[in-house]
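Residues 378 to 659 (our numbering) make up the sequence shown, in order.
One structure below.
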Amino acid sequence: MKLHLDTAEVYIPDQQALPQALSRTTHLCICAHQDDNEIMAAQPILECFQQPDKWFTGVVVTDGRGSARNGLYEHYSDEEMRLVRFKEQRKAAVVGEFAAQIMLDIPSKIIKDGSNKYPVSDMIEILRATQPEIVYTHNLADKHPTHVAVTLRVIEALRQLEPQKRPAKLIGCEVWRGLDWMVDSDKVTMDLSTHENLQFALLGVFDSQIVGGKRYDLASMGRRRANATYFESHDVDAATSLSYAMDMTPLMKDAELNPAEFVQAFILRFGKDVQERIDQMK
Ligand SMILES: [Zn+2]
């Protein structure tokens, strides 16, 4: 596997040889930043944990240089911050027993520039080397510009991949903006009722992001609990913790499908649902 930047890294927690480490992957998550895997794709991480036939590989696209810093990290340079964030991501890969953790080390401004094609080429290389059953990334209604950019590049990479090498599913997960607004029939639900201890551990290693007062650990765990409790208003909770996601598989299969129009259809169904509930009560 040839990645564009010499500073890109492939970390393999159990020191398996590179081709074997990658080819065992069944669940692949491609996200923008260090910690996004653990916030949005905890369910596949836990599904693969301690399973001989299921392996999670995480891909972090950006370099972490522009990260907000506070407290202990306040005076860190961009390069020191990058090293801290790489180290934290490796810790999460150990805790979650990932098959591999790939860090592409791409500056945010490059990934946001659609005319720059090397991020897509790197993603194609990874998809060929891993050939996962399911790919997870951000969803198209996320409000973080870098997340949206990563999603568009993932869709582009999957479309360029030979159809027989594509995964069965492409799933868009929630970070910056929850997906509670989607109508229930559109929601992909990911049950996180077990291994609360590991979920806390996976989020807790990202000290440089949490120490400044942004409690992504508590916020993510709280969102999962709220999703489960507010999912069904009449039934007893079947799950105590849920993440939501958007099935974006049609965008992978149909190169003519416009991503903006695709996500607008989810928003229109939400709007119709609101309208109908009001109309019923007139
Ligand atoms: Zn992020």
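Backbone N, C-alpha and C fix where the C-beta goes; we use that ideal spot for every residue, glycine too.
Nearest by alpha-carbon distance to residue i: which of the options is it?
i	options	result
Phe-426	His-404, Ala-445 and Gly-441	His-404
Glu-456	Asn-493, Arg-505 and Thr-384	Thr-384
Ile-483	Val-436, Ser-618 and Ala-545	Val-436
Asp-490	Thr-507, Val-527, Ala-506 and Asp-499	Val-527
Gly-673	Leu-579, Met-629 and Gly-589	Past the boundaries of the shown model lies residue 673; the chain is included only from 378 to 659, so the question cannot be answered.
Ile-587	Leu-395, Asp-412 and Glu-609	Asp-412
Phe-647	Gly-589, Ala-518, Ala-596 and Pro-522	Ala-518
His-515	Pro-509, Thr-523 and Gln-508	Thr-523
Asn-604	Lys-591, Ser-618, Arg-592 and Tyr-593	Ser-618
Ser-570	Leu-399, Met-598 and Arg-401	Met-598
Val-552	Arg-446, Lys-542 and Ala-419	Ala-419
Met-625	Trp-432, Leu-481 and Pro-544	Pro-544
Val-531	Val-651, Ala-632 and Gln-652	Ala-632
Asp-568	Ile-422, Phe-639 and Trp-432	Ile-422
Leu-538	Ala-506, Ile-548 and Phe-643	Ala-506
Ala-637	Trp-432, Leu-529, Val-582 and Ser-562	Leu-529
Ser-585	Val-525, Arg-446 and His-572	Arg-446
Around the Cβ of residue i, are there at least 16 other Cβ atoms within 10 angstroms (buried) or fewer (exposed)?
i	result
Tyr-607	exposed
Phe-577	exposed
Asn-635	exposed
Ser-620	buried
Asp-499	buried
Val-560	exposed
Arg-654	exposed
Trp-488	The amino acid at residue 488 is misidentified as Trp; the sequence shows Ile. Classification of Ile-488: buried, given that the 10 Å Cβ count is 16 or more.
Leu-645	exposed
Ala-470	buried
Val-640	buried
How long is the line joining the alpha carbons of residue i and residue j, rounded to whole angstroms?
i	j	result
Thr-566	Lys-468	27 Å
Ala-476	Met-658	52 Å
Val-461	Glu-609	41 Å
Ser-485	Asp-440	7 Å
Leu-504	Asp-391	21 Å
Lys-630	Arg-536	7 Å
Val-512	Met-378	18 Å
Glu-451	Tyr-388	27 Å
Tyr-495	Ile-479	15 Å
Ala-622	Arg-602	15 Å
Glu-424	Asp-594	20 Å
Thr-402	Ile-416	20 Å
Ala-502	Arg-600	Residue 502 is actually Glu in this sequence, not Ala. Whole-angstrom Cα-Cα distance: 34 Å.
Lys-464	Arg-554	27 Å
Leu-449	Pro-429	39 Å
Gln-397	Ser-444	33 Å
Ala-615	Lys-564	16 Å
Pro-509	Pro-627	17 Å
Gln-466	Ala-409	12 Å
Leu-382	Asn-574	36 Å
Ile-548	Ser-454	35 Å
Pro-540	Ala-534	11 Å
Arg-592	Ala-642	33 Å
**OP:** Give every residue whose Cβ lies closer than 6 Å to any heavy atom of ligand 1, listed in chain order.
**Re:** Ala-409, His-410, Asp-413, His-521, His-524 and Val-552
Original post:
Whole alpha helix (DSSP H) runs in the segment 458 to 506 with 4 or more residues, listed along the chain?
Top reply: 485 to 488
**OP:** Report the residue ranges of all beta strand (DSSP E) runs contained in full by the segment 570 to 629; include only those spanning at least 3 residues, in chain order.
**Re:** 619 to 624
Subject >> Secondary structure, beta strand (DSSP E): runs of 3+ residues fully inside the segment 496 to 557 >> reply: 511 to 515 and 546 to 550
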